[in-house]
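See structure below.
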Ligand code: ADP
Ligand code: MG
Ligand code: MG
């Protein structure tokens, strides 16, 4: 078996074997870009490393040596040589990029003698010892787990002692001393001297990279991103080039386009006389890439040309790491650049316009869930103008966020568990903070640039982030933010604007964004390709209007219970429920009728000619009843009955298992007047709307919780009778449909019978999942997590539709339903209707539409288009 590939042997197609970084280093090498030579040890080797009890085996070591020799020959230097040593970087490289999860070791191969050789051969003693002290620190930290702070504090002490602020101001002598101090730390921590044998160094480093695949941070990251745990990581061993050789050297990172808004202009940062992660670590403030043009025009032009070449080759925006050694350019990494949703859409549209990709490809490039970012509120202009500004930082990731300040990831997670919204405030984030970043509304840091950890990770998550606020001091220990004028303590509210970098005191009102331009163009392509229609779940005119603005083509679920909970109506609703006679109940319903009619009228008006499905009352009745004595007393008085009688009546309504109790169409079987009132309200409102000029109004009346065709038949006959009364009274008619939710397993398997009575089916997959699995929606959260953790379920079936079981029930219902009634309309109105994988399944089932909450409408539209491709 071959476990090691030199860069010239690989290609970008070999990601699963070489990891993302290795595959792209190979690709860049092969298209003629300047990449320092090296080789990649495969992910397969990583898996075998674990099989071998975390040891490197002899054949692997032999293969590594052959490739080592190959690099030595190409470069004309020897690894471990005392006069002119060849040095390597050892870099991890997983299949999917895992930013910051596994660390890189630079300058490997240095020891007490080689460092002298390096000083002589380069004529640059300062550089040689700078490289050595970096190597000792990285090797100790990454390979041996010695805390970084032990070295960093020595470096700080040295700078203080020398009375300088930047590490570039330390002299060769200072660095020599540091090296001695660093080695002492190593000896203390490891009880062994710092390893001097370069081969030994290399082996330890490779083992450390393999082992880091299973460090807790990496495991958390994989879990959060659905990355399988058995992929393993590759190791890249690459000859070093040096950005820390002086003022004609430097290192940087750049995106071929702006990752915040997609603008087609090189975007990046670099530092002169620096190495490795100096740029992203926020040690010195980096320069923007434009500045490179002034300082080293030749290197800049070469770089700009290389970025163009890469973008055309990969046909996507790239994120590129580079180093300049004595004015000579080297490329060290390229990958598809992480970007905000806004940038993603703009870049995709631009790439189509530039002729680089097809529309279909553009549609597949956007993760539907990413659109979330585009649809979320921004701060209200007026509220913003009167808000108190604290500080301005870098606009690292767009969005608007308000919350209480917390300084530690754990505190953010605890706050979230208490139901609070919070802002994570740190000097700079690190991979340990990821879970806190997920739980926070937004992230604020005092250090680091646009490519710092906080910025990169936040953009990837679509989370608002303001980074590099150097005008504040973040005291994580005493939990306080200090500005020149102000202190903000843990628990105080602040607001972040990730698009401007502004940070404000307190909470600020938000408004919903308007979408236009390239987004519209993109969504047009989406709409031309998809077959599924997309409706919305909306109970109020406001939600309905929002959904229409997002492209909803109708309402798939208008729940009526919320309308009953309104403060002004609840007394009448309660009287309706506790009535002892039909007359009493009708009297209460007569009070409710005009209110309901108005509800429906307003919703129809917003929706104009679009279809609207109204679901008749569903929840258990006792949910509406008063529970405390005072309220019961008051209700009794208003009804002219005694307290004890009412109390008894209420108790008689309570149920052991309300979700499986007296709800849905079962209510209508006992109290048909309720649905009759609702049907009347719907039809009267429709007639009014028709008179207003919407000729095609066709309300869809949906009966919930049907399990047997006879239930539907009975309820329908009651409703139709009432509707005919309305037609007679008003001397006008409107078209209407009567259909049912399919949410009980029995309904699925008897769907042929039910379809004879129904003009449409709408899958209520929340209840169908609950009843299909037999676990309660409200209680299963507690154990479902464990199901996912133990690999019993891949995802909670309440999140992603379970195709094998619940999906099969749906398939049976679709087939039987169509067989009995080939004109039947089919839709879904459960939460799943806005979840991309579930939307794809609905497409495959041949449903007519999905229906989801307003903010998920664009997501469902895109998912529906992707289902076609
Ligand atoms: P990460 O995956 O965290 O970005 P990398 O393996 O890309 O880690 O390494 C981090 C940084 O180290 C790179 O951005 C680059 O600046 C530097 N680096 C890696 N290999 C070399 C090399 N052979 N020569 C010079 N610098 C290197
Ligand atoms: Mg890193
Ligand atoms: Mg990198």
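Residue numbers (the UniProt record's numbering): 3 to 871. Glycine included, every Cβ here is placed at the ideal spot set by N, Cα and C. Predicted model, so just to flag it, every value in this text is computed and none were measured.
The residue among 323, 175, 646 with its C-alpha nearest the C-alpha of residue 580 is 646. Residue 311 and residue 356 have their C-alpha atoms spaced approximately 15 Å apart. Classified as exposed, residue 173 has fewer than 16 neighbouring CB atoms from the shown chains inside 10 Å of its CB. The beta-carbon distance between residue 859 and residue 841, rounded to whole angstroms, is 11 Å. This is too long to meet the 8 Å contact definition. Straight-line spacing of the CA atoms in residue 576 and residue 637 works out to 8 Å. For the pair of segments examined, the region 735-744 was found to touch the region 712-726: the number of CB pairs separated by less than 8 Å reaches three.
Taking the CA atoms as reference points, residue 171 sits about 34 Å from residue 237. Contact between residue 73 and residue 241 holds, since their C-beta atoms are separated by about 6 Å, short of 8 Å.
The nearest non-hydrogen atom of ligand 3 is less than 7 Å from the C-beta of residue 335.
A check of alpha carbon separations from residue 184 across 409, 297, 761, 134 identifies 134 as the nearest. Straight through space, the alpha carbons of residue 750 and residue 766 are spaced by roughly 11 Å. For residue 22, there is no enclosing beta strand (DSSP E); the enclosing alpha helix (DSSP H) has its first and last residue at 17-32. With respect to residue 145, residue 107 sits close: the two C-beta atoms are nearer than 8 Å. At a cut-off of 7 Å, the beta-carbon of residue 76 does not count as near ligand 1: no heavy atom of the ligand is closer than that. For residue 298 and residue 167, the gap between their C-alpha atoms comes out near 25 Å.
Taking 7 Å as the cut-off, the C-beta of residue 108 counts as close to a heavy atom of ligand 1. The Cβ neighbour count for residue 791, taken over all protein chains shown within 10 Å, is under 16; the residue is labelled exposed.
Cβ-Cβ separation between residue 349 and residue 264: approximately 4 Å, consistent with a contact (criterion under 8 Å).
Rounded to whole angstroms, the separation of the alpha carbons of residue 586 and residue 642 is 12 Å. Of the residues 201, 143, 129, 850, the one whose Cα lies closest to the Cα of residue 63 is 201. DSSP places residue 69 inside the alpha helix (DSSP H), whose first and last residues are 60-77. Relative to the Cα of residue 333, the nearest Cα in the group 24, 690, 815, 864 belongs to 24. Remark: the C-beta of residue 478 is outside contact range of ligand 1, defined as less than 7 Å to any heavy atom.
Rounded to whole angstroms, the Cβ separation of residue 380 and residue 411 is 26 Å, and the two are not in contact under 8 Å.
For residue 801, the CB stays at least 7 Å from every heavy atom of ligand 3. Taking all protein chains shown into account, residue 680 has 16 or more neighbouring C-beta atoms within 10 Å of its C-beta and is therefore buried.
About 7 Å separates the CB atoms of residue 525 and residue 863; that is less than 8 Å, so the two are in contact.
Every beta strand (DSSP E) of 3 residues or more that sits fully in the region 705-790 is shown, in chain order, as 739-744, 762-765.
DSSP places residue 207 in the uninterrupted alpha helix (DSSP H) bounded by 200-214. When the beta-carbon positions are compared, residue 38 and residue 211 stay at least 8 Å from each other. Around the Cβ of residue 835, a 10 Å sphere holds 16 or more other Cβ atoms; the residue is buried. For residue 846, there is no enclosing beta strand (DSSP E); the residue is found in the alpha helix (DSSP H) stretching over 838-847. Residues of the same chain with a CB within less than 6 Å of the CB of residue 42, apart from the 5 flanking positions on each side, are 7, 20, 24, 236, 238 in chain order. By DSSP's assignment, residue 397 forms a beta bridge with 468.
Distance from the Cα of residue 536 is smallest, within the candidate group 850, 420, 632, for 850. The beta-bridge partner set that DSSP reports for residue 827 consists of 762.
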